[in-house]
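The structure appears right after this line, and notes come after that.
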Amino acid sequence: MYLHLGQSVVVPYRDVVGIFDLDNTSASHRTRRMLDQAQREGRVINVSDELPKSFVLCRSGQDVPVVYLSQLSTATLRGRAENNLFE
Numbered sequence: 050m051y052l053h054l055g056q057s058v059v060v061p062y063r064d065v066v067g068i069f070d071l072d073n074t075s076a077s078h079r080t081r082r083m084l085d086q087a088q089r090e091g092r093v094i095n096v097s098d099e100l101p102k103s104f105v106l107c108r109s110g111q112d113v114p115v116v117y118l119s120q121l122s123t124a125t126l127r128g129r130a131e132n133n134l135f136e
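Sequence positions in the sequence shown follow my numbering and run 50 to 136.
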């Protein structure tokens with residue numbers, strides 16, 4: 050199964066570690082620090098030209114996860130995952 054993150058980006062659902070609301074989670078200094086570090090290391094992929102609403106943390110072939118910024122809400126992404134739209 051695949052999860053469509055926006056635009057033409059899909060990731061295997063088995064690689065998804067978590068789907069997070071950007072507004073709620075970025076209030077935490079730990080989350081901000083993790084996102085800043087991922088940005089510095091080039092592990093952040095913005096899948097939209099719009100203001101992101103969520104981020105999806107995914108495993109990659111490496112030990113370090115990749116962060117996808119999406120314009121879609123967490124509810125939309127969760128609904129897509131639950132409905133198996135890209136099986």
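We put the beta carbon where it would ideally sit given N, CA and C, even for glycine.
Owing to the predicted nature of the structure, the values given are computational and were not obtained by experimental measurement.
Hey, could you find the ends of the alpha helix (DSSP H) G55 is sitting in?
Here residue 55 refers to the residue found at position 6 when the sequence shown is read from its first residue. Here G55 belongs to no alpha helix (DSSP H); instead the beta strand (DSSP E) covers 51-55.
Would the region 55-68 and the region 76-88 be scored as touching if the rule is three or more Cβ pairs under 8 angstroms?
no
Cβ pair A130, L52 closer than 9 angstroms
In the sequence shown, the residue the question calls residue 130 occupies position 81. In the sequence shown, the residue the question calls residue 52 occupies position 3. Yes, Cβ-Cβ distance for A130 and L52 is below 9 angstroms.
Can you name, in chain order, every residue of its own chain whose Cβ lies under 6 angstroms from the Cβ of Y117, other than the five neighbours on each side?
In the sequence shown, counting from the first residue as 1, residue 117 sits at position 68. Correct list, in chain order: L54, I94, V96, V105.
Span of the beta strand (DSSP E) around L126:
Position 77 of the sequence shown, counted from the start, is the residue given in the question as residue 126. Looking at the DSSP string, L126 is not in any beta strand (DSSP E); the run it does join, the alpha helix (DSSP H), is 123-131.
Between the C-alpha atoms of V191 and N132, what's the straight-line distance to the nearest angstrom?
Given a span of 50 to 136 for the chain in the structure shown, any question on residue 191 remains unanswerable.
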